[in-house]
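Have a look at the structure below before the remarks.
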Amino acid sequence: MRTQPNIIITGTPGVGKTTHCETLAQSTGLKHLSVNEVVKERGCHDGYDEELKSWIVDEDKLLDAIEDEAKQGGYIIDWHACDLFPKSWIDLVVVLRVDSEQLYDRLKSRDYPEAKLQENLDSEIMQVLLQEARDSYDEEIVVELSSNTTDDMESNVERIEGWVKQWREDNAQ
Ligand SMILES: Nc1ncnc2c1ncn2[C@@H]1O[C@H](COP(=O)(O)OP(=O)(O)OP(=O)(O)O)[C@@H](O)[C@H]1O
Ligand SMILES: [Mg+2]
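According to full-length UniProt numbering, the sequence shown holds residues 1 to 173 in order.
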């Protein structure tokens with residue numbers, strides 16, 4: 001049994017995953033597990049896609065790379081997919097959502113290639129990540145939260161902190 005929970009913070013690129021994870025890591029003491037960094041640093045990829053400007057992730061290598069940490073618990077996983085992680089590893093799945101205009105501005109300011117920008121906007125409108133989360137985990141552990149404003153972010157962080165506190169109480173030995 002884990003003595004610390006594992007949380008996934010997921011959503012379309014630009015919704016605010018990393019910002020949420022960094023704040024939560026500070027306040028909860030859970031560790032921010034940036035899948036992007038792991039993929040890059042531990043070589044869990046089959047090269048770089050120049051067109052999409054992203055690594056081609058080798059999911060098996062990725063899961064092998066984080067298995068020991070995940071089983072130990074205490075991680076906030078930061079990634080724009082969630083269906084690859086075994087159910088048994090995960091205690092809470094937070095899907096961040098954002099309005100199209102907001103997302104457009106955030107991605108535009110990153111100089112995203114047009115095709116990638118459009119693909120991500122479509123994916124957000126179609127609720128792809130929310131659906132993926134609901135298809136992959138029990139509905140009780142999937143939470144959808146808005147991430148349009150800094151106020152949203154603050155209330156999300158508070159809510160997740162409350163959840164972590166409760167989980168720790170419930171699972172105290
Ligand atoms: N709730 C919010 N209110 C205002 N600005 C936000 C909010 N969430 C994120 N942002 C801003 O949007 C930008 C993207 O946020 P962030 O990098 O955290 O997204 P991400 O989901 O991690 O993206 P990626 O999937 O590409 O890593 C940042 O400039 C961040 O400050
Ligand atoms: Mg990020």
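Don't be surprised by glycine CBs; every beta carbon is placed ideally from N, CA and C.
Taking C-beta separations shorter than 8 Å and ignoring five residues to either side along the sequence, the partners of residue 14 in its chain run 98, 103, 106, 107, 110, 120, following chain order.
It is roughly 31 Å from the alpha-carbon of residue 147 to the alpha-carbon of residue 68. Placement of the Cβ of residue 36 at a distance of less than 8 Å from at least one heavy atom of ligand 2 is found.
Bridge partners of residue 78 according to DSSP: 9, 34. If you draw a 10 Å sphere on the C-beta of residue 43, you find fewer than 16 other C-beta atoms in it, and that means exposed. Under the 10 Å beta carbon count, residue 53 is surrounded by fewer than 16 other beta carbons and is classified as exposed. Taken in chain order, the whole alpha helix (DSSP H) runs of length 4 or more contained in the region 94-164 are 100-108, 114-125, 128-136. Nearest to residue 10 by alpha-carbon distance, out of 139, 159, 76, 161, is 76.
Not one heavy atom of ligand 2 lies closer than 8 Å to the C-beta of residue 40.
For the 9 Å CB-CB criterion, residue 8 and residue 128 do not form a contact.
Rounded to the nearest whole angstrom, the C-alpha separation of residue 55 and residue 27 is 30 Å. Taking the Cβ atoms as the reference, residue 123 lies roughly 5 Å from residue 12, within the contact range of under 8 Å.
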